[in-house]
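Chains as they are written, first to last, in UniProt numbering: chain A, 1 to 417; chain B, 1 to 417; chain C, 1 to 417; chain D, 1 to 417.
Quick notes on the structure that follows.
Number of protein chains: 4
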Amino acid sequence: MPKVVFPLDNSKSFTDQQIVGHNRWHPDIPAHVRVKPGDTFRVDCREWFDGAIHNDDSADDVLNAPLPGVHVLSGPIEVEGAEPGDLLVVDILDVGPVPQEDSGPLAGQGWGYTGIFATQNGGGFLTEQFPDAYKVIWDFRGGVATSRHIPGVSFVGIVHPGLMGTAPSANLLAKWNAREQELIDTNPTRVPPLALPPLPDSAILGTLEGDEFNRVAREAARTAPPRENGGNQDIKNFTKGTRVFYPVFVNGAKLSMGDLHFSQGDGEITFCGAIEMGGFMDLGVDLIKGGMQTYGVSENAIFMPGTTDPQFSEWLAFSGTSVTLEGKQHYLDAQLSYQRACLHAIDYLVKFGYTPEQAYMILGASPIEGRLSGVVDIPNSCSTVYIPTAIFDFDVSPGKGGPHQVDPGQGVPKASF
Amino acid sequence: MPKVVFPLDNSKSFTDQQIVGHNRWHPDIPAHVRVKPGDTFRVDCREWFDGAIHNDDSADDVLNAPLPGVHVLSGPIEVEGAEPGDLLVVDILDVGPVPQEDSGPLAGQGWGYTGIFATQNGGGFLTEQFPDAYKVIWDFRGGVATSRHIPGVSFVGIVHPGLMGTAPSANLLAKWNAREQELIDTNPTRVPPLALPPLPDSAILGTLEGDEFNRVAREAARTAPPRENGGNQDIKNFTKGTRVFYPVFVNGAKLSMGDLHFSQGDGEITFCGAIEMGGFMDLGVDLIKGGMQTYGVSENAIFMPGTTDPQFSEWLAFSGTSVTLEGKQHYLDAQLSYQRACLHAIDYLVKFGYTPEQAYMILGASPIEGRLSGVVDIPNSCSTVYIPTAIFDFDVSPGKGGPHQVDPGQGVPKASF
Amino acid sequence: MPKVVFPLDNSKSFTDQQIVGHNRWHPDIPAHVRVKPGDTFRVDCREWFDGAIHNDDSADDVLNAPLPGVHVLSGPIEVEGAEPGDLLVVDILDVGPVPQEDSGPLAGQGWGYTGIFATQNGGGFLTEQFPDAYKVIWDFRGGVATSRHIPGVSFVGIVHPGLMGTAPSANLLAKWNAREQELIDTNPTRVPPLALPPLPDSAILGTLEGDEFNRVAREAARTAPPRENGGNQDIKNFTKGTRVFYPVFVNGAKLSMGDLHFSQGDGEITFCGAIEMGGFMDLGVDLIKGGMQTYGVSENAIFMPGTTDPQFSEWLAFSGTSVTLEGKQHYLDAQLSYQRACLHAIDYLVKFGYTPEQAYMILGASPIEGRLSGVVDIPNSCSTVYIPTAIFDFDVSPGKGGPHQVDPGQGVPKASF
Amino acid sequence: MPKVVFPLDNSKSFTDQQIVGHNRWHPDIPAHVRVKPGDTFRVDCREWFDGAIHNDDSADDVLNAPLPGVHVLSGPIEVEGAEPGDLLVVDILDVGPVPQEDSGPLAGQGWGYTGIFATQNGGGFLTEQFPDAYKVIWDFRGGVATSRHIPGVSFVGIVHPGLMGTAPSANLLAKWNAREQELIDTNPTRVPPLALPPLPDSAILGTLEGDEFNRVAREAARTAPPRENGGNQDIKNFTKGTRVFYPVFVNGAKLSMGDLHFSQGDGEITFCGAIEMGGFMDLGVDLIKGGMQTYGVSENAIFMPGTTDPQFSEWLAFSGTSVTLEGKQHYLDAQLSYQRACLHAIDYLVKFGYTPEQAYMILGASPIEGRLSGVVDIPNSCSTVYIPTAIFDFDVSPGKGGPHQVDPGQGVPKASF
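So, in C-alpha cells, the structure goes:
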C-alpha cells in the first residue's frame with residue numbers, strides 16, 4: 001500500500017478527521033499534504049454525502065440529502081514544483097471501495113447507492129418524468145454489483161472518481177462566479193436552479209477559520225459542475241490505469257478528489273446516478289513543465305483511459321432527436337436528444353416488467369454509453385444510448401416472441417415531498 | 001450476391017436510372033421495389049451529392065455543393081405485409097463502396113471525400129471557427145483510408161449508411177413540417193438556417209409527375225435531419241452485422257437508404273464530415289407484427305450493432321464544458337460542451353504540426369467517439385471526445401519531450417465565398 | 001477491384017483455366033504472374049478439392065475425396081526484385097468467398113463445407129473416436145454461417161487463407177523430402193500415414209510438361225503440412241488487414257496461396273475442419289531487402305493480424321492433460337492434451353442434445369481458441385479450448401437447472417468405408 | 001473483506017502458521033477449514049517457494065531453489081455437502097498480491113520474480129538453449145509490471161492462481177502414481193526427469209503426524225503437474241471474475257490453491273515463468289449436485305474467464321513447426337512447434353538489442369498467447385505465439401528502417417552449476 005497521505009477514519013465525520021478536506025473550490029484553501037513529482041501515494045475518500053445515505057429500503061434520506069454540504073473532497077494536495085502553466089500528470093494506480101471491508105454502515109463498505117433527487121432538491125436529467133426521490137442499494141461481490149431493488153441485472157463495476165481537479169486561480173474563480181451568476185440571474189427562482197452560487201452555509205474549507213474562512217466561503221465555488229480545472233466531470237472511464245493531464249492554475253497545483261463511483265452510465269443521468277460510495281485512490285503524480293502551452297491545453301482535462309474495463313460485444317441501442325415529448329422542435333440540442341434516447345430505453349425496458357424507476361436506475365448506474373451520434377443535421381441532434389445486453393440475465397433483444405417478463409419484486413423505494 | 005432490387009448505373013445521373021429514387025420524405029412517393037419478410041437483397045446507393053464532388057485538390061465543388069438536391073436515396077422499398085404499428089427488422093448483411101471497382105470518377109470507386117461547408121452554404125459544427133469550404137480526399141486500400149491531404153493518419157473504415165428509414169405517415173409528415181416551420185419562424189433569416197423547409201426545387205420523387213409531383217414536392221420533408229422514422233441519423237455503428245428495428249408508419253413500410261460513409265467520427269462534426277461515397281447495401285428484412293406497441297417503440301430506431309468493427313485499446317480523450325469560447329455560461333448544453341471538447345482536441349493536434357483544418361477533418365472522418373459524460377451537473381454539461389491513438393503513425397500522447405512534429409504537406413484544399 | 005492477376009473461371013476445372021496453378025511445392029514451377037513491390041492485385045482461389053464436394057446431404061464425396069490432388073493453389077506469383085534473404089511483406093487487403101455470387105454449385109458460392117475424413121483416407125485429430133467420414137454444409141448470410149446439419153449455432157466468419165507461402169529453394173526442398181521420408185520410414189504402413197511423400201499422380205505443376213514435369217513431380221513436396229515457407233499453416237487469424245512477412249528462398253519469391261476458409265477453430269481439428277470454400281484474395285506486396293538477417297527470421301512466417309475480427313466477451317473453456325483416454329501418461333504432449341480438452345468439450349456439448357459429430361464439427365468450424373496453457377509442468381501438458389458462448393442461441397453455461405436440450409435435427413451426414 | 005478462513009502471517013514460515021497447509025495431493029490430508037455453498041471467503045496464499053527467492057540481482061536463490069518443497073498450498077478447504085460426482089463451482093471474486101503492502105522481503109509485497117531453472121534443477125521449456133539459472137525481478141505499480149532487468153517493457157498484470165484444485169480420491173491418486181511411475185521407468189535417470197514420484201522429504205501435510213504422516217507422504221502426489229483435479233494448470237486467464245467448475249472426488253471436495261502469478265504468458269514457458277508472488281484470493285463456492293454426470297465433466301476443470309483482462313488490439317505473431325533445430329522431423333508435436341515459435345520470437349527480439357535471456361523472460365512473464373494453430377496437417381504441427389505490441393515502449397514491428405535498438409542495461413542475473 002502506498003503511503004496514506006490523506007487518511008480517513010470511518011468512525012468519524014468528515015470534519016472530525018485528522019486532516020480536514022473541503023467541499024468548495026478556492027485557491028486559498030490551505031494544503032496540508034505535500035507530494036513530489038514521481039511520488040506514489042494513497043488518498044482515502046468519503047462518499048459525497050459524508051455518510052448521510054443508508055443501506056435500507058427507504059428513500060427519505062435521499063429526499064432530504066444535504067446538498068449544501070457536497071462534495072466532501074480529499075485534498076488539496078500540493079505538488080512540489082508545480083506552477084501555473086504546467087500540466088499535472090495524474091496516474092490512477094488504483095481506485096476502489098473501502099479497502100478490506102465488505103460490510104458496514106458506510107457506502108463503500110461492500111455496498112453503494114444510486115439516488116434520484118426530487119425536483120425540489122436538485123432534480124435530475126429526467127426530472128419532469130421522475131419528480132420524486134428514489135433510492136436503490138447495490139451490493140458488491142467480486143467486483144460485481146447487484147441490487148435487491150432491481151432484479152435480473154448485474155454488472156462488473158467500472159470504478160472511478162466522479163470528481164478530481166486542481167485549484168482554480170483567483171482570477172479563474174472570479175470568472176466562474178461571474179458567468180454562473182449571470183446565468184442564474186436570467187431565472188433566479190427556477191426549480192431546480194440554473195446554477196449554484198457560492199454558499200457559506202455548510203462550507204468546509206480545511207483548516208481555515210475566522211475572517212479568512214468567511215471570506216473564502218463567500219467566494220468559493222460549488223463543486224457540482226465540471227469546469228476548467230476538471231472537477232465533477234463524472235467521466236466513467238477514469239478507471240484504474242488512467243493517466244489524466246490537468247492544467248495547473250496555482251502554485252502547487254492543489255489537487256483534490258472524491259465522489260467515488262462503483263459504476264456509472266455515461267451522463268450519470270439520475271444525478272446521484274452512479275453507484276455512490278467511499279473508498280480510496282492510489283495515485284502517482286508527475287509534471288510536464290510548461291505543458292499547457294506546449295500541448296495547447298489551456299483548460300479541462302486530457303486523459304488516456306485504462307485498459308482493464310470490461311469489454312462488451314453485444315449492445316442494444318436507442319436513439320433520440322431534439323424534439324420534446326410534447327412535439328416541440330429544438331435546434332441541435334444534444335441534451336434533449338439524449339433525454340429522448342434515454343426515455344425510449346425506459347419505455348422499452350418497462351415492457352419487460354420493470355417499473356419506470358427501475359429502468360431509469362439501470363441507465364444511471366450500469367455501464368451504458370451515451371453518444372453524440374449526429375450533431376450537424378439541422379434541426380435535429382441525434383443521440384444514442386448503448387446498453388450492454390450482458391448486464392441482463394435474460395434475453396433483452398426484440399424478437400417475435402415478445403419480451404421476457406421480469407418480476408419487478410419490491411421495486412425502488414420512493415419518497416415524495 | 002443477393003438479387004439487386006435497386007440497381008444504379010454509374011455512368012448515368014440519379015434521375016436517369018432504371019428506377020429513380022427520391023430525395024425527400026413523403027408517404028406518397030411510389031414504391032417500385034417490393035420485397036417480402038425474410039428476403040435478402042441488394043440496393044445500390046449513390047453518394048449523397050450524385051457525383052458532384054471530384055477527386056481533385058480544389059474545394060470549389062464543396063463550396064458550390066448543390067444542397068437542395070440531397071440526399072439522393074435508394075427506395076422506397078415496399079415490404080409486403082408491413083402495416084403501421086409493426087417493427088421492421090432490417091439486417092445490414094453487408095455495406096461497402098462500389099463493388100469490384102477501385103478507381104473511377106465517382107466517390108465510392110476506391111476513394112471518398114470529407115468536406116467542410118462554408119457558413120453561407122450550410123456551415124457545420126464549428127462553423128464559427130471554420131467559416132470557409134474545405135475538402136479532403138481519402139483513398140481506400142484494403143479497407144483502410146489514408147489521405148494525401150492529411151499525413152500521418154490511417155484507419156480501418158467503419159462503413160455504414162448515414163441515412164436509412166421508413167416513410168412517414170401523412171400525419172407524421174404534417175407534424176414535422178409544422179414544428180420545424182415554427183422553429184424557422186423564430187429566426188427566418190439566420191445563416192446557416194435553423195431548419196430546412198420543404199423545397200420543390202431539386203426535388204426528386206421517383207416516378208411522380210405533374211400535379212401529384214407538385215403537391216408532394218411542396219409537402220415533402222427534407223432529408224437532412226434524423227426524425228421519428230430514422231432518417232439521417234449518421235450513427236457510425238450501423239455497420240455490417242447490425243440489426244435495426246424501424247417503426248412502420250405506412251402500409252408497406254417504404255424503406256429507403258443512402259448517404260453511405262466509409263468512416264465517420266461520432267457527430268459527423270464537419271457536416272459533410274464522414275468519408276462520403278457511393279456503394280451498395282445487402283439487406284435482409286423481417287417484421288415483428290405489432291412490435292411498436294409490444295416493445296414500446298413509438299418512434300426512432302432501435303439497433304444492435306455488428307461485432308466486427310475494429311477494437312482500439314488506447315485512446316486519447318478531451319473534455320469540454322458548456323461555456324462558450326467567449327466565456328459565457330450556458331445551461332447543460334451538450335452540443336456546446338462537445339464543441340469545446342472538439343476544439344480542445346484541435347488545439348492539441350495543431351501542436352503536432354497539423355493545420356487546424358487538418359485536425360478538424362481528422363475528427364470528422366476518423367472513428368472518434370463522442371460521449372455525453374456528465375449531463376446533470378448544473379450548470380455545466382461535460383462532453384468528451386475519444387481519439388484512438390492507433391490512427392496516428394507517431395506517438396500522439398503528451399510527454400516531457402514535447403509533441404512530435406508532422407510535416408503538414410500540401411494541407412487541406414480551401415475555397416472561400 | 002484491384003487488377004486480377006490470377007483469374008479463375010468457375011465453370012472450368014483447375015487445369016482448364018487460363019493460368020494453371022499448382023498443387024505441389026517446387027522452386028522450378030514457373031511463375032506466369034509477375035508483380036512489383038508496392039503493387040495491389042487480386043488472386044482468385046479455388047476450394048482445395050477443386051469442386052469435388054457438393055452442397056448436399058451425403059458424405060460420400062468426403063469419403064472419396066481426392067487427396068492426392070490437394071491443395072489446388074493460385075500462383076506462383078513472382079515479385080520483382082525479391083531475392084533469397086529478403087522478407088516478403090504480404091498485406092491481406094481483402095479475402096472472401098466468390099465475389100458477387102451467393103449461390104451455385106461451387107463451395108464459396110454462398111456456402112461452404114466442413115468434413116471429417118475417414119481414418120483410411122487421412123483421418124483427423126480425433127480419428128480414433130471418429131473413424132468415419134462426415135460432412136456438414138454451412139450457409140453464408142451477411143458474413144454469418146449457419147448449418148442445416150447443426151441447429152442452434154451461428155457465427156461471424158473469420159475469413160482467411162489456410163495456405164500461403166513462398167517457394168522453397170532446391171536445397172530446402174531436399175531437406176523437407178529427406179526429413180519427412182526418414183519419419184515415414186519409421187512406420188511406412190501406418191494408417192493414416194506419418195507424412196506424405198512426393199506423389200507424381202495428380203500433380204499439377206503449372207505449365208510444366210514432359211520430362212521437366214516428371215522430374216519436378218517426383219521431387220515436389222506435398223502441400224499438406226506447414227513448413228519453413230509458410231504453407232498450410234491454417235492460422236485462423238490471417239484475416240483481412242493482416243500483414244505477413246515471409247522469408248524468400250528463391251529469386252522472385254514465388255508466392256502462392258489457396259485453401260480459403262470462411263471460418264475455422266484453432267487447430268482445424270476435423271482436418272477438413274474449417275469451412276472450406278473458393279473465393280478471392282486482394283493482396284499488396286512489398287520487400288524488406290535482406291530482412292531475414294536483419295530481423296532474425298530464417299524460416300516460418302511472422303505476422304500482424306488484422307483488427308476487425310469479431311470480439312467475444314464470454315467464453316466457456318475446457319482443459320485437458322497429456323494422459324490418454326486409456327489412462328496412459330505421456331510426457332508434455334500438447335497435441336494429446338489438446339485432444340483431451342476437445343474431447344471434454346464434446347462430452348459436454350453432447351449433454352445439450354448434440355450428437356458427438358455435431359459437437360466435433362462445431363469445434364472444427366467455429367472460432368474457438370486453442371491455447372498451450374502449461375507446457376512445463378512435468379509430466380503433464382495442459383491445453384485449453386475456449387468456445388465463445390455467443391455462437392449458441394441458448395445458454396450453454398453450466399447451472400443448477402441442467403443443460404438446455406437442443407433438437408439435433410437430421411444430424412450430420414455420414415459415410416463409412 | 002470477506003472472512004479470512006486461511007490466514008498467513010508474513011513474518012512466519014509456511015509450517016509455523018496458525019493453519020498449516022500442504023504441498024502434496026492426498027485425500028487424507030485433513031481439512032481444518034470448512035465453508036458452505038454460497039459462502040464468500042478469503043484465503044491468503046504464499047508464493048510457491050515459501051519466500052526462498054529474494055528481491056536482489058543474484059540468481060543463486062533460483063539455482064538452489066528448494067523444489068522438493070513446492071507448491072506450498074492453502075487448504076484443503078472442506079465444502080459442506082460436497083460429494084463425489086458433484087461439480088464444485090468456484091468464483092474467483094478477487095485475487096492479488098499481498099493486500100495493502102507495497103514493499104517488503106516477500107514476493108507479493110510490491111514485487112515478484114520470474115526464474116529460469118538450470119537443467120539440473122528442473123529445467124524448462126527451452127532448457128537446451130538456456131541450461132543455466134536466471135532470475136528477473138518485477139516491480140508492481142498500479143497493476144503494471146516493469147523490471148530493472150528488462151528495459152522497454154511494461155504490462156498490466158493478468159493476476160491469477162497457477163494452481164487450484166480438489167483432492168483426488170484414493171483411487172484416482174493410485175492411478176496417478178501408477179501411470180507416472182510407468183513413465184519414469186522408461187528413463188529413470190533422465191535430467192530433467194520425466195516426472196516426479198512421491199517424495200516424503202519436504203512433504204507438508206497439514207496436521208498429519210507420525211505413522212499417518214509417513215504413509216500419506218509416501219503416497220501423496222507431487223503438485224507440479226495439472227491433473228484430473230485441476231491442479232497446477234497455469235491457466236493465465238483464471239483471473240478475477242472467473243467461474244471454475246471442478247469435479248469432486250472426495251466428500252467435502254477439499255479445495256486447495258496457491259502459486260499466485262502477477263502475470264504469465266501462455267505456457268509459462270520459463271517454468272518458474274510467471275511473475276511469482278504471494279497474495280490472497282477471495283472466493284465464492286457453490287455446488288451443482290451430481291453435476292459431473294449431468295454435464296459430462298468426468299475430469300479437469302471447466303471455466304468461464306472474467307471479463308476485465310486488458311484487451312490488446314495489435315499483436316506480433318511468430319509461427320513454428322514440429323521440426324527440431326537440428327532439422328529432424330517430428331510427427332504432429334505441438335510442444336515442439338510451440339518451442340520453435342518461441343525460439344523464433346527470441347531470435348527476433350534479440351535483433352532489437354535484448355539478450356536472449358531477456359527475450360525468453362519477456363515471453364514467460366508477459367501476456368503472450370500461445371495457440372495450437374494447426375494440429376492435423378501431417379507431419380507438421382503449427383503453433384503460434386502472439387505478443388501484444390503494446391507491452392514495448394518502442395515500435396517492435398518489422399519495417400524497412402530496421403529494428404530499434406534497446407540498451408539491454410544490466411541484463412538478467414545468471415547463475416551456473
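We put the CB at the ideal spot given by N, CA and C, even for glycine.
Being a predicted model, the structure only gives us computed values, none of them experimental.
Evaluate residue i with the Cβ neighbour count: other Cβ atoms within 10 Å of its Cβ, from every protein chain shown; 16 or more gives buried, anything less gives exposed.
{"i": "Ser-322(D)", "result": "buried"}
{"i": "Gly-96(B)", "result": "buried"}
{"i": "Glu-369(A)", "result": "buried"}
{"i": "Gly-210(D)", "result": "exposed"}
{"i": "Gly-325(A)", "result": "Inspection of the sequence shows that residue 325(A) is occupied by Leu rather than by Gly. The residue is exposed, with fewer than 16 neighbouring Cβ atoms inside 10 Å."}
{"i": "Glu-276(A)", "result": "buried"}
{"i": "Asn-232(C)", "result": "buried"}
{"i": "Pro-408(A)", "result": "buried"}
{"i": "Val-191(C)", "result": "exposed"}
{"i": "Lys-135(C)", "result": "buried"}
Based on the DSSP output, what are the partners of residue i in its beta bridges?
{"i": "Asp-94(C)", "result": "Asp-282(C)"}
{"i": "His-22(D)", "result": "Leu-73(D) and Leu-205(D)"}
When the Cα of residue i is compared with those of the options, which residue comes out closest?
{"i": "Ala-133(B)", "options": "Gln-120(B), Gly-38(B), Ile-116(B) and Phe-140(B)", "result": "Ile-116(B)"}
{"i": "Cys-342(B)", "options": "Arg-215(A), Gly-296(A) and Arg-218(A)", "result": "Gly-296(A)"}
{"i": "Leu-17(C)", "options": "Asp-50(C), Phe-41(C) and Lys-36(C)", "result": "Note that residue 17(C) is Gln in the sequence shown here, rather than Leu. Closest by alpha carbon: Asp-50(C)."}
{"i": "Gln-181(A)", "options": "Ile-288(A), Leu-208(A) and Arg-222(A)", "result": "Arg-222(A)"}
{"i": "Phe-280(A)", "options": "Pro-305(A), Asp-333(A), Leu-260(A) and Asp-309(A)", "result": "Leu-260(A)"}
{"i": "Phe-125(C)", "options": "Cys-272(C), Ser-298(C), Val-406(C) and Leu-287(C)", "result": "Cys-272(C)"}
{"i": "Pro-226(D)", "options": "His-71(C), Gly-112(C) and Pro-379(C)", "result": "Pro-379(C)"}
{"i": "Asp-201(C)", "options": "Lys-3(C), Asn-23(C) and Lys-240(C)", "result": "Asn-23(C)"}
{"i": "Thr-40(B)", "options": "Gly-306(C), Val-153(C) and Gly-110(C)", "result": "Gly-110(C)"}
{"i": "Val-4(D)", "options": "Pro-68(D), Pro-151(D) and Ile-77(D)", "result": "Ile-77(D)"}
{"i": "Gly-69(D)", "options": "Glu-299(D), Ile-29(D), Val-79(D) and Gly-21(D)", "result": "Gly-21(D)"}
Once the 5 residues before and after residue i are set aside, which same chain residues still bring their CB inside 8 angstroms of it?
{"i": "Ser-373(B)", "result": "Ser-319, Cys-382, Ser-383 and Thr-384"}
Who are the near neighbours of residue i in its chain, counting only those whose CB is closer than 7 angstroms to its CB and skipping five residues on each side?
{"i": "Lys-351(C)", "result": "Pro-403"}
Span of the alpha helix (DSSP H) holding residue i?
{"i": "Lys-175(A)", "result": "170-184"}
Less than 6 angstroms between C-beta atoms, sequence neighbours within five positions excluded: which residues of the same chain meet that for residue i?
{"i": "Ser-58(C)", "result": "Pro-413"}
{"i": "Asn-10(B)", "result": "Leu-106"}
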